[in-house]
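Enquirer:
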Amino acid sequence: MAGKGTKNNQQNVQGEAQSEQAKQTQPLDFDVRIQSIKPSDAIKGTASVNINGAFAIRGVKIIEGTNGLFVSMPSYKVGNDYKDICFPITPECRKQLNDAVLGAYEQALTQSQNSMAKHHEMQQAPEGQAMDMTGM
Numbered sequence: 001m002a003g004k005g006t007k008n009n010q011q012n013v014q015g016e017a018q019s020e021q022a023k024q025t026q027p028l029d030f031d032v033r034i035q036s037i038k039p040s041d042a043i044k045g046t047a048s049v050n051i052n053g054a055f056a057i058r059g060v061k062i063i064e065g066t067n068g069l070f071v072s073m074p075s076y077k078v079g080n081d082y083k084d085i086c087f088p089i090t091p092e093c094r095k096q097l098n099d100a101v102l103g104a105y106e107q108a109l110t111q112s113q114n115s116m117a118k119h120h121e122m123q124q125a126p127e128g129q130a131m132d133m134t135g136m
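82 is the number that full-length UniProt numbering gives to position 82 of the sequence shown; each next residue is one higher, with no gaps.
#1: Grab me the residues of ASN98's own chain with a C-beta within less than 6 Å of its C-beta, minus the 5 sequence neighbours each way, in chain order.
#2: May I ask you to report which of helix, strand or coil DSSP gives GLY103?
#3: Taking buried to mean at least 16 other C-beta atoms within 10 Å of its own C-beta, is PHE87 buried or exposed?
#4: Would you kindly work out how many angstroms separate the C-alpha atoms of ILE63 and ASP41, rounded to a whole number?
#5: Looking only at its chain, what residues have a beta carbon closer than 6 Å to the beta carbon of ASP29, apart from the 5 residues adjacent to it on each side?
#6: Just verifying my parser: in three-state terms, what is the DSSP assignment at ASN50?
#7: Tell me which residue opens and which closes the beta strand (DSSP E) that ILE63 is part of.
#8: Secondary structure at LYS38, three-state DSSP: helix, strand or coil?
#9: Buried or exposed: which applies to MET122, given that a residue is buried once 16 or more other Cβ atoms fall within 10 Å of its Cβ?
#10: Please go through the same chain and pick out, in chain order, the residues whose beta-carbon is closer than 6 Å to the beta-carbon of TYR82, but skip the five residues on each side of it.
#11: Determine whether the beta carbon atoms of GLY45 and ILE57 lie at a separation below 9 Å.
#12: Helix, strand or coil for LEU69, going by three-state DSSP, please let me know.
#13: Looking at the secondary structure, which residues open and close the beta strand (DSSP E) in which ASP84 lies?
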């Protein structure tokens with residue numbers, strides 16, 4: 001009887017290990033929405049992240065550090081330390097999340113800069129192209 005219980009336990013452990021491995025290799029679908037862009041602050045922007053349409057995270061920050069941009073998860077202060085409220089467990093998930101957030105930030109920043117450049121061009125139209133509204 002003892003041997004039979006051990007065999008069942010081994011099967012459960014193997015099944016759990018296979019299930020865990022499958023979870024780690026599955027790509028996640030991150031839908032990132034950039035909420036704000038602040039180019040002059042250390043906090044460059046904020047974002048919301050929806051994971052697989054099942055879990056949402058608000059208050060994700062894009063921060064400029066000494067080694068470049070990084071993603072900061074929502075956190076709370078305990079003494080002099082900050083503790084993340086939620087965070088990726090595996091290095092693969094962390095990389096996927098960071099890539100998705102920083103990619104969305106770069107795209108939003110480019111769109112914002114292009115929009116500002118077009119707006120500036122319209123305001124700086126040559127005199128010959130400006131609309132003549134005299135006599136209207």
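From the three backbone atoms N, C-alpha and C, an ideal C-beta is built for every residue, glycine too. Values in this document were obtained by computation on a predicted structure and should not be read as measured data.
Expert: So, to answer that:
#1: Residue mapping note: residue 98 aligns to position 98 of the sequence shown, counting from 1. Listed in chain order, the non-local C-beta contacts of ASN98 below 6 Å within the same chain comprise VAL71, local neighbours out to five positions each way being set aside.
#2: The sequence position of residue 103 within the sequence shown is 103, counting from 1. The answer is helix: DSSP assigns GLY103 an H, G or I state.
#3: To locate residue 87, count along the sequence shown from 1; it is residue 87. Around the C-beta of PHE87, fewer than 16 other C-beta atoms lie within 10 Å, and the residue is accordingly described as exposed.
#4: Sequence index remark: in the sequence shown, residue 63 carries index 63 (1-based). Sequence index remark: in the sequence shown, residue 41 carries index 41 (1-based). ILE63 and ASP41 have their C-alpha atoms spaced approximately 9 Å apart.
#5: Here residue 29 refers to the residue found at position 29 of the sequence shown. These residues qualify, in order along the chain: ASN52.
#6: Here residue 50 corresponds to residue number 50 of the sequence shown, with the count starting at 1. In the displayed model, ASN50 falls within a strand according to three-state DSSP.
#7: Walking along the sequence shown from the start, residue 63 turns up at place 63. From DSSP, the beta strand (DSSP E) with ILE63 extends over 55-65.
#8: Here residue 38 corresponds to residue number 38 of the sequence shown, with the count starting at 1. The DSSP-derived three-state label of LYS38 is coil.
#9: In the sequence shown, the residue the question calls residue 122 occupies position 122. Exposed: under 16 other Cβ atoms inside 10 Å.
#10: Position 82 of the sequence shown, counting from 1, holds the residue named residue 82. Answer for TYR82: SER75, listed in chain order.
#11: For this step, residue 45 is matched to residue 45 along the sequence shown. For this step, residue 57 is matched to residue 57 along the sequence shown. The Cβ atoms of GLY45 and ILE57 do not sit closer than 9 Å to each other.
#12: Here residue 69 corresponds to residue number 69 of the sequence shown, with the count starting at 1. Correct three-state label for LEU69: strand.
#13: Position 84 of the sequence shown holds residue 84. Its beta strand (DSSP E) spans residues 81-84.
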